[in-house]
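Enquirer: Here it is, the structure, as structure tokens.
There are 2 protein chains.
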Amino acid sequence: MTQSVYTVTGMTCGHCVTSVTEEVSALDGVQHVDVDLPTGTLTITSDTPPTTDDVRAAVTEAGYELANA
Amino acid sequence: MTQSVYTVTGMTCGHCVTSVTEEVSALDGVQHVDVDLPTGTLTITSDTPPTTDDVRAAVTEAGYELANA
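Below you can see the structure in the form of structure tokens.
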């Protein structure tokens, strides 16, 4: 199991967290997603980590942006 | 047709607006609900205006607060 950590910008409330969690959870191989609203930290637990491009696409689909990577 | 205007505090994004709109729209007699995010202005168009208590209950159910009335 691998953990990948990203920072997401633009989230302001629990609904935003839910949207990001749902989109990232739908990526292949993702076992668990944790989003910390105050810091924007997105932690993805997976067997095989999704590519940064896939994570970025999921976060963008939710309506937010990756701050790093 | 009557318009009632309230101010809602705590909304930060479009999801918040959707939550408030859904809850207030479900009140008896409400024809249309408009929520302005930047100002928090909630405008309710109805045949018979809902009571302030009913509006407050709907806004609270959505997870926010009425600032006035």
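Just so you know, the protein sequences line up as chains A and B, in that order. The opening position of the first sequence corresponds to residue 1 in full-length UniProt numbering, with each subsequent residue numbered one higher. The opening position of the second sequence corresponds to residue 1 in full-length UniProt numbering, with each subsequent residue numbered one higher. Note that beta-carbon positions come from the ideal geometry of N, C-alpha and C, so glycine has one too.
Would you kindly check if the distance between the Cβ of A:T7 and the Cβ of A:T39 is under 9 Å?
Expert: Counting from one through the first sequence, the residue named residue 39 of chain A turns up at place 39. Counting from one through the first sequence, the residue named residue 7 of chain A turns up at place 7. Yes; because the gap between Cβ atoms is below 9 Å, this pair is in contact.
Enquirer: Please confirm whether A:S4 has its beta-carbon closer than 9 Å to some beta-carbon of chain B.
Expert: Taking the first residue of the first sequence as 1, we reach residue 4 of chain A at position 4. Output row for A:S4: interface = no.
Enquirer: So, is A:A58 buried or exposed, given that buried needs 16 or more other C-beta atoms within 10 angstroms?
Expert: Looking up residue 58 of chain A in the first sequence gives position 58. Buried, since its Cβ has 16 or more Cβ neighbours within 10 Å.
Enquirer: Listing by chain order, which chain A residues have their CB less than 7 Å from the CB of B:T12?
Expert: Locating residue 12 of chain B in the second sequence gives position 12, counting from the first residue. Ordered by position in chain A, the residues that pass the 7 Å Cβ test against B:T12 are T12 and C13.
Enquirer: Which same chain residues, not among the five before or five after B:A67, have their C-beta less than 6 Å away from its C-beta?
Expert: Position 67 of the second sequence, counted from the first residue, corresponds to residue 67 of chain B. Counting only Cβ-Cβ distances below 6 Å, and skipping sequence neighbours, we find T7 and T9.
Enquirer: Please report the straight-line C-alpha distance between B:V30 and B:D47, rounded to a whole angstrom.
Expert: Taking the second sequence and counting its residues from 1, one reaches residue 30 of chain B at position 30. Taking the second sequence and counting its residues from 1, one reaches residue 47 of chain B at position 47. Rounded to the nearest angstrom, the two C-alpha atoms are 7 Å apart.
Enquirer: Under a three-way DSSP split, which group does A:T45 fall into?
Expert: In the first sequence, counting from the first residue as 1, residue 45 of chain A sits at position 45. Strand at A:T45.
Enquirer: Give every residue of the same chain whose Cβ lies closer than 6 Å to the Cβ of A:H32, excluding the five residues on either side of it in the sequence, and list them in chain order.
Expert: The sequence position of residue 32 of chain A within the first sequence is 32, counting from 1. So the qualifying residues of the chain are T45.
Enquirer: CA-CA distance, A:E23 and A:L42?
Expert: Looking up residue 23 of chain A in the first sequence gives position 23. Looking up residue 42 of chain A in the first sequence gives position 42. If I take the Cα positions, the gap works out to 12 Å.
Enquirer: Considering only their Cβ atoms, is the gap separating A:V5 from A:M11 smaller than 9 Å?
Expert: Mapped onto the first sequence, residue 11 of chain A falls at position 11. Mapped onto the first sequence, residue 5 of chain A falls at position 5. For A:M11 and A:V5, no; Cβs fall outside 9 Å.
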